[in-house]
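Engineer: Dropping the structure in here first, questions after.
Numbering (the numbering used here), first residue to last: 708 to 963.
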């Protein structure tokens, strides 16, 4: 009986034994041959040039120049980088502009949440570790030669603002028009809760209790000259009069 090629192939497969250790083999190129260079005299590493004397230079050595670990023995700009508290800069010109554009109500107290609700300033707690705002008198202009005191002279709205840091000139600029400045410390969890309350309550966390300032910032927030929130009201009243005499303006009564 003459069978076709297909029938012959099927009959051959039917007569083959089952798969066992005797009828299997490795795939092609699955076991590569050994590198014979590692079996010779120098094991493939060579013995010419500098390697035959083993006179390796120290790690980091530059040829015909002073090594970098000698030219740059230390990096002082990285000292205490973990304890530093970055702040987002907010100028008096930006604050006056926000008031003029009705993004901030000057009749209500202004704090961290009020500034973030404008949508123009963002505090990154998880990435940049922002601890709040730094109220400055500087103006962000392309003309670098422009004096930075324009913002202090151009602020004309009395406000009650709370920031994390402010210089004496900024405090004088706000108080000269009848405003009040208070510097207050917030920890990172409190900053996150005040900057974005919706995202904070989505996490299901309890409302945090504000922590006390660290030791390196305790002196600043207890000083009446800096209008710290831990300073006594009597000392702050005396500091307002002293600052008015320093910059030459009439002190404004807060009650009025």
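Glycine is no exception: its CB is placed at the ideal position from the N, C-alpha and C atoms. Bear in mind that the values here come from a model prediction, so they are computed numbers and not experimental data.
Does DSSP classify residue 719 as helix, strand or coil?
Structural biologist: If you number the chain shown from 1, residue 719 lands on position 12. Residue 719: helix per DSSP, three-state reduction.
Engineer: Within 10 angstroms of the Cβ of residue 946, are there 16 or more other Cβ atoms? Answer buried if so, exposed if not.
Structural biologist: In the chain shown, counting from the first residue as 1, residue 946 sits at position 239. Classification of residue 946: buried, given that the 10 Å Cβ count is 16 or more.
Engineer: What is the DSSP secondary structure of residue 935, reduced to helix, strand or coil?
Structural biologist: One-based indexing of the chain shown puts residue 935 at position 228. It is a strand residue.
Engineer: DSSP state of residue 856, grouped into three classes?
Structural biologist: Taking the first residue of the chain shown as position 1, residue 856 is located at position 149. Caution is warranted here: a pLDDT of 44 is assigned to residue 856, below 50, making its placement in the model unreliable, and the coordinate value is therefore given only provisionally. Correct three-state label for residue 856: coil.
Engineer: Is residue 910 close to chain C, meaning its C-beta is less than 7 Å from at least one C-beta of that chain?
Structural biologist: You won't find chain C in this structure, because it holds only one protein chain.
Engineer: Do residue 908 and residue 899 have their C-beta atoms closer together than 7 Å?
Structural biologist: Taking the chain shown and counting its residues from 1, one reaches residue 908 at position 201. Taking the chain shown and counting its residues from 1, one reaches residue 899 at position 192. Contact: no.
Engineer: By alpha-carbon positions, which one of 874, 896 and 905 ends up nearest to residue 931?
Structural biologist: Translated into the one-based positions of the chain shown, residue 931 becomes position 224. Ranking 874, 896 and 905 by Cα distance to residue 931 puts 874 first.
Engineer: Have a look at residue 954 and residue 879 and give me their C-alpha separation to the nearest angstrom.
Structural biologist: As a working note, residue 954 is residue 247 in the chain shown. As a working note, residue 879 is residue 172 in the chain shown. Their backbone Cα atoms lie some 7 Å apart in a straight line.
Engineer: With a threshold of 8 Å, are at least 3 pairs of Cβ atoms found where one atom belongs to the region 881-888 and the other to the region 828-837?
Structural biologist: Cβ pair count under 8 Å is below three, so no.
Engineer: Alpha carbon to alpha carbon, what distance is there between residue 722 and residue 714?
Structural biologist: Translated into positions along the chain shown, residue 714 becomes position 7. Translated into positions along the chain shown, residue 722 becomes position 15. Distance between the alpha carbons of residue 714 and residue 722: 12 Å.
Engineer: Give me the residue from 943, 802 and 838 with the minimum Cα distance to residue 825.
Structural biologist: In the chain shown, the residue the question calls residue 825 occupies position 118. Of 943, 802 and 838, the residue nearest in Cα terms is 802.
Engineer: How many Å lie between residue 935 and residue 903 at the Cα?
Structural biologist: By one-based count along the chain shown, residue 935 stands at place 228. By one-based count along the chain shown, residue 903 stands at place 196. Answer to the nearest angstrom: the Cα atoms are 24 Å apart.
Engineer: Could you give the residue range of the beta strand (DSSP E) that holds residue 798?
Structural biologist: Position 91 of the chain shown holds residue 798. Where residue 798 is concerned, the enclosing beta strand (DSSP E) stretches over 795-798.
Engineer: Closest to residue 905 by CA distance: which of 894, 823, 933 and 891 is it?
Structural biologist: Within the chain shown, numbered from 1, the residue matching residue 905 stands at position 198. Of the listed residues, the one whose Cα sits closest to residue 905 is 823.
Engineer: By DSSP, does residue 827 sit in helix, in strand, or in coil?
Structural biologist: On the chain shown, residue 827 is found 120 positions in, with the first residue counted as 1. DSSP places residue 827 in coil when its eight states are reduced to three.
Engineer: Could you work out which residue in 951, 836 and 927 is closest to residue 919 when comparing CA atoms only?
Structural biologist: If you number the chain shown from 1, residue 919 lands on position 212. When only C-alpha atoms are compared, the closest one is 927.
Engineer: Report the CB separation of residue 933 from residue 890 in whole angstroms; it is logged as a contact under 8 Å.
Structural biologist: In the chain shown, counting from the first residue as 1, residue 933 sits at position 226. In the chain shown, counting from the first residue as 1, residue 890 sits at position 183. Right, the Cβ-Cβ distance comes to about 5 Å (below 8 Å), so this counts as a contact.
Engineer: Rounded to whole angstroms, what's the CA-CA distance from residue 816 to residue 871? Just pull it up for me.
Structural biologist: Within the chain shown, residue 816 is the residue found at index 109, counting from 1. Within the chain shown, residue 871 is the residue found at index 164, counting from 1. If I take the Cα positions, the gap works out to 15 Å.
Engineer: Where in the region 878-910 do unbroken runs of the beta strand (DSSP E), each at least 3 residues long, occur, reported from the N-terminal end onward?
Structural biologist: Correct list: 887-890.
Engineer: In the DSSP assignment, what are the bridge partners of residue 730?
Structural biologist: Here the question's residue 730 lines up with position 23 in the chain shown. Partner(s): none; residue 730 has no beta bridge.
Engineer: Please check the pair residue 841 and residue 888, which I expect to be a contact at CB under 8 Å, by giving their CB distance rounded to whole angstroms.
Structural biologist: Here residue 841 corresponds to residue number 134 of the chain shown, with the count starting at 1. Here residue 888 corresponds to residue number 181 of the chain shown, with the count starting at 1. Not really, about 12 Å apart at Cβ, beyond 8 Å.
Engineer: Roughly how many angstroms lie between the CA atoms of residue 719 and residue 740, to the nearest whole one?
Structural biologist: On the chain shown, residue 719 is found 12 positions in, with the first residue counted as 1. On the chain shown, residue 740 is found 33 positions in, with the first residue counted as 1. Using only the alpha carbons, I get a separation of about 35 Å.
Engineer: In its own chain, which residues sit with a C-beta less than 8 Å from the C-beta of residue 915, not counting the 5 before and 5 after it?
Structural biologist: Locating residue 915 in the chain shown gives position 208, counting from the first residue. Excluding sequence neighbours, residue 915 sits near 894, 896, 897 and 900.
Engineer: Between residue 738 and residue 793, what straight-line distance do the alpha-carbon atoms span, to the nearest angstrom?
Structural biologist: Locating residue 738 in the chain shown gives position 31, counting from the first residue. Locating residue 793 in the chain shown gives position 86, counting from the first residue. Using only the alpha carbons, I get a separation of about 58 Å.
Engineer: Grab the span of the beta strand (DSSP E) containing residue 869 for me, first residue to last.
Structural biologist: By 1-based counting over the chain shown, the position of residue 869 is 162. That run of the beta strand (DSSP E) goes 867-870.
Engineer: Going straight from the alpha carbon of residue 716 to that of residue 724, what length do you get?
Structural biologist: Numbered from 1 along the chain shown, position 9 holds the residue referred to as residue 716. Numbered from 1 along the chain shown, position 17 holds the residue referred to as residue 724. Residue 716 and residue 724: Cα-Cα distance of roughly 15 Å.
Engineer: Consult DSSP for residue 847 and reduce its assignment to one of helix, strand or coil.
Structural biologist: For the purposes of this step, residue 847 is taken as residue 140 along the chain shown, with counting starting at 1. For residue 847, the predicted model reports a pLDDT of 46, less than 50, meaning its position is unreliable and no value from the coordinates is stated.
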